[in-house]
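Undergrad:
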């Protein structure tokens, strides 16, 4: 039965869902940019994308499960750190975290047609680590973003996994948390790789799970970037199946 349904889903994906998704993405980018230009960038920078992300998961027949929403509070600033299995990580977090935030995203993504423009208008933080001046500018932008209960989300692996398993973390997110003494909330994503691996545009309707772990408050024990990074990694891995855990020591 699965072999029969797979070709039917491919037809649906490319001839029906795909074109609808492209139109919805362009419309969301336009609404976001215009709304942010008119005012209340924090509202317009989140809610259109939140609705678009939920719509995308439904459109491509993904099933979403979320655990741990009780671990975070509205109005509090967090640094959310998540493993990065695939493209659906974006829609999963935007659509189902249910907490307003900005992305810490690669500067190269600013060049994506329409989407990069909307992200800039929405106040997403583009990370420039090509120079000391770029890093300082990123920290300054993040400091402005994290005021008034705003949070940020970052993938500390830096890029999507090639095989679904975790790769070593980079220190940027944890240095940022230490700089502003903010609680770090690990997020575990499970199933995104099966939904759409990095090596293909062919999707597979499946269940994607988001686990929101309890915040880790670095100030309570004194700040140590390496220790915080290791604790977050261990926490994220704890909600993953064995096959998707560490590729190498962090």
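Residue numbers (the numbering used here): 1184 to 1433.
Every residue gets a Cβ at the ideal spot worked out from N, C-alpha and C, and that includes glycine.
(1) If we ignore side chains and look at the alpha-carbon of each, how far apart do residue 1184 and residue 1200 end up?
(2) Taking the alpha-carbon of residue 1287 as reference, which of 1332, 1308 and 1243 has the nearest alpha-carbon?
(3) Report the three-state DSSP secondary structure of residue 1421 (helix, strand or coil).
(4) Three-state secondary structure (DSSP) at residue 1255?
(5) Reducing DSSP to helix, strand and coil, say where residue 1371 ends up.
(6) Tell me, to the nearest whole angstrom, how far the beta carbon of residue 1264 is from that of residue 1339; I am working on the premise that it is less than 8 Å.
(7) Between the beta-carbon of residue 1355 and the beta-carbon of residue 1401, is there less than 8 Å?
(8) Within the continuous alpha helix (DSSP H) that includes residue 1224, where are the two ends?
(9) Indicate whether residue 1415 and residue 1395 have their beta-carbon atoms separated by less than 8 Å.
(10) Write down every uninterrupted run of the beta strand (DSSP E) in the segment 1275-1333 whose length is 3 residues or greater and which is fully enclosed by it, in chain order.
(11) My output table needs one value for residue 1392: the three-state DSSP class, helix, strand or coil.
(12) From the DSSP output, which residues share a beta bridge with residue 1250?
(13) Determine the burial state of residue 1407: buried for a count of at least 16 other Cβ atoms within 10 Å of its Cβ, exposed for fewer.
(14) Considering only their Cβ atoms, is the gap separating residue 1269 from residue 1376 smaller than 8 Å?
(15) Whole-angstrom Cβ separation of residue 1381 and residue 1343, contact assumed at under 8 Å?
(16) If you draw a straight line from the alpha carbon of residue 1242 to that of residue 1358, how long is it in whole angstroms?
(17) Using a Cβ distance threshold of 8 Å, determine whether the segment 1320-1327 contacts the segment 1224-1233, with at least three qualifying pairs required.
(18) Who are residue 1263's beta bridge partners in DSSP?
(19) When you compare each of 1411, 1333 and 1305 to residue 1258 by their alpha carbons, which one comes out closest?
(20) What distance in whole Å lies between the Cβ atoms of residue 1228 and residue 1341, which are believed to be in contact at a cut-off of 8 Å?
(21) Going along the chain, which residues of its own chain have a beta-carbon closer than 8 Å to the beta-carbon of residue 1412, five neighbours each way excluded?
(22) Would you call residue 1369 buried or exposed, if buried means 16 or more other Cβ atoms sit within 10 Å of its Cβ?
(23) Hey, could you find the ends of the alpha helix (DSSP H) residue 1221 is sitting in?
(24) Are the CB atoms of residue 1261 and residue 1388 nearer to each other than 8 Å?
(25) Would you call the CB atoms of residue 1290 and residue 1219 closer than 8 Å?
TA: Walking through what the data contain:
(1) Bear in mind that the predicted position of residue 1184 carries a pLDDT of just 45, short of 50, making it unreliable; the figure below should be weighed with that in mind. Cα to Cα, the separation comes out at about 22 Å.
(2) Ranking 1332, 1308 and 1243 by Cα distance to residue 1287 puts 1308 first.
(3) If DSSP states are grouped into helix, strand and coil, residue 1421 belongs with coil.
(4) Residue 1255: coil per DSSP, three-state reduction.
(5) Taken through DSSP and simplified to helix, strand or coil, residue 1371 comes out as strand.
(6) Confirmed, about 5 Å.
(7) Not a contact, by the Cβ cut-off of 8 Å.
(8) According to the DSSP assignment, residue 1224 belongs to the alpha helix (DSSP H) that extends over 1224-1227.
(9) Contact flag unset, no.
(10) For the segment 1275-1333, whole beta strand (DSSP E) runs of length 3 or above, ordered along the chain, are 1284-1289 and 1308-1310.
(11) Shown here, residue 1392 sits in a strand according to DSSP, grouped into three states.
(12) Assignment of beta-bridge partners to residue 1250 by DSSP yields 1394.
(13) Residue 1407 counts as exposed, since fewer than 16 other C-beta atoms from the protein chains shown sit within 10 angstroms of its C-beta.
(14) Yes. Within cutoff.
(15) With a Cβ gap of about 5 Å, residue 1381 and residue 1343 count as contacting.
(16) About 37 Å.
(17) Touching, no.
(18) Answer by DSSP bridge pairing, in chain order: 1336 and 1368.
(19) Per the Cα distances, 1333.
(20) With a beta-carbon spacing of about 23 Å, residue 1341 and residue 1228 fall beyond the 8 Å limit used to define contacts.
(21) Hits under 8 Å: 1339, 1352, 1354, 1357 and 1433.
(22) Result: buried.
(23) 1201-1221 is the span of the alpha helix (DSSP H), which, as asked, contains residue 1221.
(24) No, the pair does not count as a contact, with Cβ atoms beyond the cut-off.
(25) Contact flag unset, no.
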